[in-house]
Every structure is written in structure tokens, then in C-alpha cells.
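Enquirer:
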Amino acid sequence: MPMDQLNDSRVSEFVLLGLSSSWETKVFLMVTFSMLYIGIILGNLFIVILVIADSHLHSPMYFLLANLSLNDVWVSSTTVPKMISDLLKEHKVISFHNCMTQICFIHIMGGVEMVLLIAMAFDRYTAICKPLRYLSIMSPRICISFVIAGWVTGVVHAMSQFSFVVSLPFCGPNKVDSFYCDFPRIIQLACTDGDKFEFVVAANSGFMSMGTFFLLLLSYVFILVTVWQRSSGDLSKALVTLSAHITVVVLFFTPCMFLYVWPFPTSSIDKYLFIADFAITPALNPVIYTFRNKDIRIAIGRLSKRAVCSRFC
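According to the working numbering, the sequence shown is numbered sequentially starting from 14.
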């Protein structure tokens, strides 16, 4: 069924209130987010190209990492470009159809990201706790299954909420106190009692966010305990490595839990928290997961030598 038949409300567009009303702040934010977005695109696509081009990186860990990098590009691209273009606009609007599309992509990519983070934690657990069986457990079939499971989870997660929200009547007001569309803010604008729909979103997104967050933290704790039992000298090295991963996990899941787990907030603080998900975390991931990695640094060196040789040799 076409989307224009899914909703016969009188609201055809939503007005986004954005991040700031100060001209100086808007210019600062535009420059900052433009630089972050360029870094997100270049950094994450470089990782994908490096993993494809270097045969030494054709392993389960880097296969999952390349998929995470691609997903980070899509996650940030759903909101950041429009946020940048809207910063200098007086009247920030998004059509009803584009708003619903943005919500769908945000939650699909969010579901994929959660599954990929779980897969990467499982990969590290297998490598540290079951090293002799690592290649048999993390086989190509299992890695591809993780990616497929991520997309299936994302689509089911998004559509199970979208099917409820898209049929809501919207007759005004149409102002969204944010720089992007999402279920909580849109449901509050519906011309009907949205309590049951808020419960559906909280039960779905809230449960996924909270469950995935604590599962990841438990996996990291289990890995650290295993390393400590085997060799206390390696604990500090493992702690440094995992602390960076935990930082990214906390940055990603804190806004999700703040918005989806508790009753929907009426303050505007959630839109600032979600800057971490759409701009900061995708920009940090290339640094956290790769540039601190010895194999990646060596692969960059090999790629550089190959490029120089192909030009001058």
C-alpha cells in the first residue's frame, strides 16, 4: 500500500525546532558537524576499503568491523546532513513521508548496530576464551549469519513500531523539539491517546537497548575475568583495549536507554544526547576499533607502500 494511503491526517509536514536559536552557535555547530561528518565518511569507508584490499585482514573480526563501519556511515547519514543544512535555515521542515522514512532507517540501522556489537563481543570472547576453536566457531558462515541476523532484527524492530505509529491521526500541532524525527516525539503530536503506543515503543526499543547494553557489559567483564585468571600481567593490556570499546558502547546506548526505557521525556535534553549516536560515536569508532590496532597500522603501511610503488616503481 502506498504511504500516502497509510495516513489521511491533515498534517503533511513537521517543523523541526533544531538545536539552537543563536546565530553564532548555529555557525559553530555547522562547522563542527560538517567536520565530524566528513571524518565519519572518510574514516569508516577507509576501513571498509582497507579490509577488502588487504588479505591479512580477511578474518572474522575485521569482517564484522567493516560491516560496523558501513552501518555507521548509514546511521549518521540518516540525520547529520539534514541537521547541517537546517542549522542556517529559519524554517526547518520535513514532510510527513520523509519523517516516517527517517524513523524507519534510524531504527533499522540501530538494530543492525546492536547485533554487530554483540557479534564483535562474541568474537573477542571466542578469541580469548576458546583460542583453539576460534576459526571453527567464527566460520565465514557464522559471520555472514550475524550480519543477516542484524538486518532481519533491524527491519523487524523498526516495522513492528512503524506499523502502529504510521496509522495515528496527526491534526496538529506539528512542531518537533528536535533536529530529527523519532517515535517518542512524533507520538506526542498525535491527536489521540498515545499511551499504548508509547508502551509498544518502550517495550520494543527500551528492551532491546537495555538488554543489549547489559549483555555487552557482562561479556566484557567475563573476558576480563578470564584474562585475569590466566595471566594477571595481561589484564592491564586487556583492560585498556576493552575500556575503549566500553566507552563507545556507553556513548551509543546511554541516549537509547534515556529516551526509550523510561516514560517519554518532555525535555529537550534527549536531542543533545542523540548527537552522540549520530555524530560522535560513528566518528570515534574508526579510532577506537582500528587505528589503535596493530594489524590495522601494519595494513595501512602495506597499502601506502603499494600505492607509492604503483606510482613510482
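The C-beta atom is built at its ideal place from N, Cα and C for all residues, glycine as well.
Source: prediction; values computed, not measured.
Quick one: what's got a C-beta closer than 7 Å to A66's C-beta in the same chain, skipping five residues either side?
Expert: Taken in chain order, the residues that qualify are L316.
Enquirer: Which first and last residues belong to the beta strand (DSSP E) in which S108 is found?
Expert: Unbroken beta strand (DSSP E) run through S108: V106 to S108.
Enquirer: DSSP state of K39, grouped into three classes?
Expert: Helix at K39.
Enquirer: What is the rounded straight-line gap between the Cα of Y285 and the Cα of T38?
Expert: In a straight line, the C-alpha of Y285 is about 14 Å away from that of T38.
Enquirer: Compute the beta-carbon to beta-carbon distance between L70 and A320, rounded to the nearest angstrom, for a pair I have assumed lies under 8 Å.
Expert: Between A320 and L70 the Cβ distance is about 16 Å, and since that is not below 8 Å, they are no contact.
Enquirer: Spatial neighbours of G219 within its chain, please: C-beta separation below 6 Å, excluding the five flanking residues on both sides.
Expert: Taken in chain order, the residues that qualify are Y273 and V274.
Enquirer: Helix, strand or coil: which one does DSSP assign to L148?
Expert: Here L148 sits in helix by DSSP.
Enquirer: From the DSSP output, read off the bridge partner residues of F27.
Expert: Its beta-bridge partners are I107.
Enquirer: Mapping DSSP to helix, strand and coil, what is M14?
Expert: With a pLDDT of only 40 at M14, under 50, the local geometry of the prediction cannot be trusted, and the value read off the model is given with reservation. M14: coil per DSSP, three-state reduction.
Enquirer: Grouping DSSP H, G and I as helix and E and B as strand, with all else coil, what is V179?
Expert: Coil, per DSSP.
Enquirer: Report yes if the C-beta distance between Q329 and N111 is below 9 Å; otherwise report no.
Expert: The structure shown does not extend to residue 329, since the chain spans only 14 to 326, so no value can be given for it.
Enquirer: Helix, strand or coil: which one does DSSP assign to V274?
Expert: V274 falls in the coil class under three-state DSSP.
Enquirer: If you drop the 5 nearest sequence neighbours on each side, which residues of the same chain put their C-beta closer than 6 Å to that of F159?
Expert: Within the same chain, F159 has close Cβ partners A132.
Enquirer: Measuring alpha carbon to alpha carbon, tell me which of N306, V86 and L58 ends up nearest F291.
Expert: Among N306, V86 and L58, the Cα nearest to that of F291 belongs to V86.
Enquirer: Go through its chain and collect everything with a Cβ distance to F196's Cβ below 7 Å, but skip five positions before and after it.
Expert: The residues are I116, Q174, V178 and V214.
Enquirer: Determine the DSSP secondary structure at K188, reduced to helix, strand or coil.
Expert: Three-state DSSP puts K188 in a strand.
Enquirer: Between which residues of its own chain and L101 is the CB-CB distance below 7 Å, once the five residues before and five after are set aside?
Expert: Hits under 7 Å: K39 and M43.
Enquirer: DSSP state of K318, grouped into three classes?
Expert: K318 falls in the helix class under three-state DSSP.
Enquirer: Going by DSSP in three states, F287 sits in which element: helix, strand or coil?
Expert: It is coil, neither helix nor strand.
Enquirer: Does DSSP put Q174 in a helix, a strand or coil?
Expert: Three-state result, Q174: helix.
Enquirer: Report yes or no: do three or more beta-carbon pairs, one from the region 27–34 and one from the region 183–191, lie closer than 8 Å?
Expert: Contact between the region 27–34 and the region 183–191 is present, because at least three Cβ pairs lie under 8 Å.
Enquirer: Spatial neighbours of Y50 within its chain, please: C-beta separation below 6 Å, excluding the five flanking residues on both sides.
Expert: Answer for Y50: V93, listed in chain order.
Enquirer: If I measure Cβ to Cβ from C204 and keep anything under 7 Å in the same chain, skipping five residues before and after, which residues do I get?
Expert: So the list reads P182, F183 and C184, once near-sequence residues are dropped.
Enquirer: So is Q18 buried or exposed if we call it buried at 16+ other beta carbons inside 10 Å?
Expert: Low local confidence applies: a pLDDT of 45 at Q18 is under 50, so the model's placement there is unreliable, with the coordinate-based value given in what follows. Burial call: exposed.
Enquirer: When the Cα atoms are used, what is the spatial distance from G163 to S149?
Expert: Each residue's alpha carbon lies about 21 Å from the other.
Enquirer: CB-CB under 6 Å to L63, same chain, minus the five flanking residues each way: which ones, in chain order?
Expert: A312.
Enquirer: What are the uninterrupted segments assigned as beta strand (DSSP E) that are 3 or more residues long and contained completely in the region 29–94, given in chain order?
Expert: Complete beta strand (DSSP E) runs here, min 3: none at all.
Enquirer: Which same chain residues end up closer than 8 Å to T294 when comparing Cβ atoms and leaving out the 5 residues on each side of it in sequence?
Expert: So the list reads D85, V261, L264 and F265, once near-sequence residues are dropped.
Enquirer: Using a Cβ-Cβ cut-off of 6 Å (strictly less than) and excluding sequence neighbours within five positions of M74, which residues of its own chain qualify?
Expert: D136, listed in sequence order.
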